[in-house]
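What the sequence shown shows, in numbering that gives the first Met the number 0, is residues 0 to 366, in sequence order. The beta carbon of each residue, even a glycine, is placed where N, CA and C say it ideally should be. These notes concern the structure reproduced below.
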Amino acid sequence: MRKFQLASLCVLPLFLAGCGIFGSDNSRAIPSDPDFVCTNSEPGTWSYLGIPGEMILSIAINPHNAGHILVGTSGSFSDGSQGKIFMSTDCGENWEQVWEGGNILEIHFNPKSPNEVFANPHGMIHSTDWGRSWSDRSNGLTEFLSFTSAVTTFAIDHEQPNRLYAGTQDLGGGLVFYTDNAGGNWQLIPAHQQEGPGVDLSKSAVLFIHTDPVNPGHVYVGNGPIMRSTDRGESWEMLRETDPNVIQTMAFSADHSKIFAMNTWRGFYEFNMPDGPWAFTPYPDSMVGTHISSIVDTDLVDGILLGTGRGVLLRKNNEYFSMVDNLPYTITSKLKLNGNNLYAAVRPQSSFISSESGIYIRRLNQP
C-alpha cells in the first residue's frame, strides 16, 4: 500500500503562491548515487505508484539519485483546492507532501547541485534541501503576476545553473524573464530584441522554454512559434513560424541531432540541428485534435513516445500505436523517462479525479 504523510495545510486564493510546509533540515541529505536504478517496474505493463485524487502536472527526478522523485499537482476551481508537491526518496513507494499552493506546472533540479530545486506554482519557489522546504523567489516577477497572469514555464542553464529563464501568460500575451542569481531577482528580456524578422517574445502565452544541455547558451522559447537564442537571450531568431496553429510542445532527440515539435491540429515537425531545415508530416485523421503534453525520444523503443489526451502513444513511421495497456485512464498529462523507466501521470476524461489517478511506471526494453 502506498503511504502518504500529509503536512499541515495553508489556505490561499487559487493561483497564488502557497506556503512552505517543512523547515529546512540539511541533515537529511539525499545521497548522490548516479548508478542507482529503481527496480519497481516491469516490462510491458504499468505499475501504480500512487498519489490518488490528484491531477499531476509535473514530474522531476534527481539527476544524481533516481529514487528521489518530486511530483507537482494542480489545484481545482470546483472545490478550491490548491496544487501540491509530493516527494519520494524510495522510487515512489512512499510519498510525503512538502508544499501546498498554486498549480505546480514544472519542477526542475539544478543539474549540478540537486539539493537545489525550483518550481512555479504561480511565481517561482526555490528549495535548497532537496525539496523538503521552499521559499519564494519571485522578486522582479511579482509586479507582472496577477489572477490571470502566472509563470507557465521555466528552464535552467545547464552550464551556469544560477541562470534561469521564466515565461508567463496573460490575457494579452506573455513575457520572458531571466535571472543570474538563482531567482534572487528577475529581469525582463525585451520583447522585440531580435536578429531575424518576426521575433516577438510577447506575442502570446509562453508555453515552453528549453535550454540546450549540449550547446551552452542556446535557449528555445515557444509562444506560438519557436524562438531561439544562441547567446543566453541577448538576441533572438525565429526558428519555426506558427502555421497557423501554435507549437504546443518541443523536445530534443535522444542523440541531440534534432528537435521534435507538435501541435494539436497539424502534425509533427522535425528540425535538423543546428540550421535545419524543418520537415513536416501531417497527422493521420485519427490524430487531428489530439492534445500533446510530452515528447520523449529514446533508443529503448523503435519510435517516439508521446503523452497525449488519448493516452501514451508510440509514433513510428507516422503511425501512432497505443501503449495504454493496463492504464485505467487515457489522458496523460506528463511523461518522464529515467534510464529505462518511463513514468506517466494519468487521469480520467472527466473533471472528477479518482483513486486510480496518479503516477504509473513501466520498464522499457531495447527493441
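Under the DSSP assignment, Asn-93 falls in the beta strand (DSSP E) whose first and last residues are 93-99. The closest CA to that of Thr-241, considering only Asn-93, Thr-127 and Gly-221, is found on Gly-221. Taking all protein chains in view, the Cβ of Thr-38 is surrounded by fewer than 16 other Cβ atoms within 10 Å, so the residue is classified as exposed. With respect to the 8 Å criterion, Val-218 and Gly-232 are classified as neighbours on the basis of their beta carbons.
Beta-bridge analysis with DSSP links Asn-102 to no other residue.
If you draw a 10 Å sphere on the C-beta of Asp-296, you find 16 or more other C-beta atoms in it, and that means buried. Of all alpha-carbon atoms in Phe-143, Ser-145 and Tyr-177, the one lying nearest the alpha-carbon of Gln-159 is that of Tyr-177. Nearest Cα to His-63 within the set Met-286, Thr-88 and Val-287: Thr-88. Apart from the 5 residues on each side of it in sequence, Tyr-47 sits with its Cβ closer than 7 Å to the Cβ of Gly-357 and Tyr-359 in its chain, given in chain order. In this structure, Gly-308 lies near Ile-330, with their beta-carbon atoms less than 8 Å apart. For Ile-124, the enclosing beta strand (DSSP E) begins and ends at 124-126. For Asp-296, the uninterrupted beta strand (DSSP E) run begins and ends at 291-296, by DSSP. Ala-204: not part of any beta strand (DSSP E); DSSP gives it neither H nor E.
In the same chain as Glu-355, and ignoring 5 residues on each side of it, the C-beta atoms closer than 6 Å to its own belong to Pro-327, in chain order. In this structure, Thr-152 places its C-beta atom within 8 Å of the C-beta atom of Leu-104. Shown here for Gly-223: same chain residues with a beta carbon closer than 6 Å to its own, the five before and five after excluded, namely Lys-202, Ser-203, Thr-241 and Val-245 in chain order.
In the assembly as shown, His-255 is an exposed residue. Its beta-carbon has fewer than 16 other beta-carbons within 10 Å. Taking a 10 Å sphere around the C-beta of Pro-120, we find 16 or more other C-beta atoms and assign the residue as buried. For the options Gly-100, Ser-353, Gly-288 and Ser-132, the alpha carbon positioned closest to that of Gln-247 is the one of Gly-288. The DSSP-derived three-state label of Met-237 is strand. A buried status is given to Leu-336, since no fewer than 16 other beta-carbon atoms sit within 10 Å of its beta-carbon. The region 142-152 makes no contact with the region 79-97, as fewer than three CB pairs between them are under 8 Å. Ser-40 is positioned such that its CB atom lies closer than 8 Å to that of Asn-340.
With a beta-carbon spacing of about 28 Å, Gly-182 and Met-237 fall beyond the 8 Å limit used to define contacts. Scanning its chain for C-beta atoms nearer than 7 Å, with the 5 sequence neighbours on each side dropped, one finds around Asp-169 the residues Thr-147 and Ser-148, in chain order.
Inter-residue distance for Pro-276 and Phe-267 is about 14 Å (C-alpha atoms, whole angstroms). Taking 8 Å as the cut-off, the beta carbon of Asn-102 is found no closer than this to the beta carbon of Ile-155. For Tyr-282, DSSP assigns no beta-bridge partner whatsoever.
Burial check for Arg-27: the Cβ neighbour count within 10 Å stays below 16, so the residue is exposed.
Bridge pairing for Asp-135: Ile-124 [DSSP].
In the displayed model, Thr-44 falls within coil according to three-state DSSP, outside both helix and strand. With contacts defined by Cβ atoms closer than 8 Å, Lys-83 and Trp-98 form a contacting pair.
Per DSSP, Gly-357 is one residue of the beta strand (DSSP E) stretching across 357-362. Scanning Ile-58, Leu-140, Phe-279 and Phe-251 for the CA closest to the CA of Trp-264 turns up Phe-279. Contact between Ile-29 and His-67 holds, with the beta-carbon distance rounding to 5 Å and staying under 8 Å. For Val-36, the CB contacts under 7 Å within the same chain, skipping 5 residues up- and downstream, are Ala-65 and Gly-338 in chain order.
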